[in-house]
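Have a look at the structure below before the remarks.
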Amino acid sequence: MRAEQMMNEYKNMKRELQITEFQLSRFKGVDENDIIEAMQFSHPEGERVQSSTLSDKTAKAALNYKNIAERENDEWFDFLIQRHEYLKEELDFFIDSVSKLSGVLPGIITDLLDGDMTWDMMTSKYHVSRTMISKYKKSAMKELDMMYEMRDRQTETYILG
Numbered sequence: 122m123r124a125e126q127m128m129n130e131y132k133n134m135k136r137e138l139q140i141t142e143f144q145l146s147r148f149k150g151v152d153e154n155d156i157i158e159a160m161q162f163s164h165p166e167g168e169r170v171q172s173s174t175l176s177d178k179t180a181k182a183a184l185n186y187k188n189i190a191e192r193e194n195d196e197w198f199d200f201l202i203q204r205h206e207y208l209k210e211e212l213d214f215f216i217d218s219v220s221k222l223s224g225v226l227p228g229i230i231t232d233l234l235d236g237d238m239t240w241d242m243m244t245s246k247y248h249v250s251r252t253m254i255s256k257y258k259k260s261a262m263k264e265l266d267m268m269y270e271m272r273d274r275q276t277e278t279y280i281l282g
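Counting from 122, one number per residue, gives the positions in the sequence shown under the numbering used here.
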């Protein structure tokens, strides 16, 4: 992910991270009714035996339900963990990179990310024109892109090395 994309997606990614953390903290698994509904529309695996008794069918259904429920819960939990790790890593790298920008750029980018300040408020705070705020943002994007490129090169060196 690049700096401009992170600037645009920052708030959404933070919100998604919070939602993912909430889901992980209260993880209960897939709803029983969803699994039962899925089983109703699935086709049985293996050969069909005409001579099976009612209790065999009930036992098979119970085992299938248990296996499907465990698999679905494992897959959902793994997805949540992987998504949380991705979001956390990207946001942490971005925020750390913003803090390492030169001059007044960390403050300006932080103010742009928070979104609480209008551009006019920022011009007053930093005693510059709107054009200068825009130039600061472009300069910050260049620096951030260099940091992202360095991270990509490090990853590439590790993978190829």
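A virtual CB, placed ideally from N, CA and C, is assigned to each residue, including glycine.
Everything numeric in this text was worked out from a predicted model, so none of it was measured.
In whole angstroms, what is the alpha-carbon distance linking residue i and residue j?
i: residue 213; j: residue 141; result: 16 Å
i: residue 137; j: residue 232; result: 21 Å
i: residue 128; j: residue 257; result: 14 Å
i: residue 274; j: residue 221; result: 19 Å
i: residue 241; j: residue 225; result: 17 Å
i: residue 239; j: residue 279; result: 42 Å
i: residue 188; j: residue 206; result: 27 Å
i: residue 277; j: residue 262; result: 22 Å
i: residue 215; j: residue 254; result: 20 Å
i: residue 235; j: residue 218; result: 16 Å
i: residue 250; j: residue 244; result: 6 Å
In its own chain, which residues sit with a C-beta less than 8 Å from the C-beta of residue i, not counting the 5 before and 5 after it?
i: residue 150; result: 190, 193, 194, 197 and 198
i: residue 201; result: 141, 144, 145 and 148
Considering residue i, what are the terminal residues of the alpha helix (DSSP H) in which it resides?
i: residue 244; result: 240 to 247
i: residue 255; result: 251 to 281
Helix, strand or coil for residue i? Go by DSSP, reduced to three states.
i: residue 228; result: helix
i: residue 148; result: coil
i: residue 192; result: helix
i: residue 237; result: coil
i: residue 209; result: helix
i: residue 123; result: coil
i: residue 218; result: helix
With a CB to CB cut of under 6 Å and the five nearest residues on each side skipped, what residues in its chain are close to residue i?
i: residue 229; result: 257
i: residue 264; result: 222
i: residue 267; result: none
i: residue 132; result: none
i: residue 259; result: none
i: residue 204; result: 141
Within a Cβ cutoff of 7 Å, which residues of the same chain sit near residue i, ignoring the five residues on either side of it in sequence?
i: residue 208; result: 134, 137, 138 and 141
Should residue i be counted as a contact of the ligand GTP given a C-beta to heavy atom distance under 8 Å?
i: residue 212; result: The ligand GTP is not part of the structure shown, which contains no ligands of any sort.
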